[in-house]
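This report refers to the structure that appears directly beneath it.
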Amino acid sequence: MSHWKPFVDRIQQMGASWAALVGKKEPQSVWYMTEGSEAAREETNANLVKLAKDHSDFNTLRTSGITLVPGLRYMVTKADDEFVHGRKGDQTAIVLDFGDGIMVATHGPEVQTGNLVKDLSALADYLKSTAHQR
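Following numbering that gives the first Met the number 0, the numbering of the sequence shown begins with 0 at its first residue and continues without gaps.
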């Protein structure tokens with residue numbers, strides 16, 4: 000079991016419907032993600048690794064959006080050095096940089112984005128302060 004699982008579990012407890020932690024250093028890799036369709040897992044892994052590479056390239060993100068799971072692309076509505084926000088209908092995707100990796104979470108309309116971002120930011124700050132690495 001990955002030592003990253005408790006962090007992903009915590010993100011889900013905050014209200015995220017799906018979550019992942021992805022390393023940014025070469026070679027980028029998915030450290031842990033919420034369980035999902037095994038058939039889509041390989042493509043989701045590839046999408047997350049691409050996001051880890053591109054998350055700070057705002058022009059690419061604004062043009063291509065964020066694709067996490069196959070067939071679901073979020074339009075990027077906000078992006079800066081540490082935060083990316085995307086929307087697809089009533090679904091939201093959030094990407095936060097925590098130094099060695101990125102934290103990715105999605106949620107539906109029942110969760111307030113501002114509250115989830117606040118909680119995720121606190122977790123990202125904790126991961127930065129403790130220099131968590133794979």
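Ideal placement from N, C-alpha and C gives every residue a C-beta, glycine not left out.
TODO: Could you check what DSSP says for Leu20 in three-state terms: helix, strand or coil?
DONE: strand
Task: Buried or exposed (CB count within 10 angstroms, at least 16 for buried), Gly88 - done: Looking at its Cβ environment, which holds fewer than 16 other Cβ atoms inside 10 Å, Gly88 is exposed.
- [ ] Classify Asp96 as helix, strand or coil using the three-state DSSP reduction.
- [x] Strand.
- [ ] Using the Cα positions of Met74 and Ala19, report the straight-line distance between them to the nearest angstrom.
- [x] 19 angstroms
Task: As assigned by DSSP and simplified to three states, the class of Ser28 - done: strand
Task: Cβ pair Lys23, Gly100 closer than 9 angstroms - done: yes
- [ ] Could you please give me the residues that DSSP links to Phe82 through a beta bridge?
- [x] In the DSSP output, where bridge partners are listed per residue, Phe82 has Leu95.
- [ ] Report yes if the CB atom of Leu95 is closer than 9 angstroms to the CB atom of Glu81, and no otherwise.
- [x] Glu81 sits close to Leu95, with the two beta carbons spaced by under 9 angstroms.
- [ ] Output yes or no for whether 9 angstroms exceeds the beta carbon distance between Gly107 and Thr91.
- [x] yes
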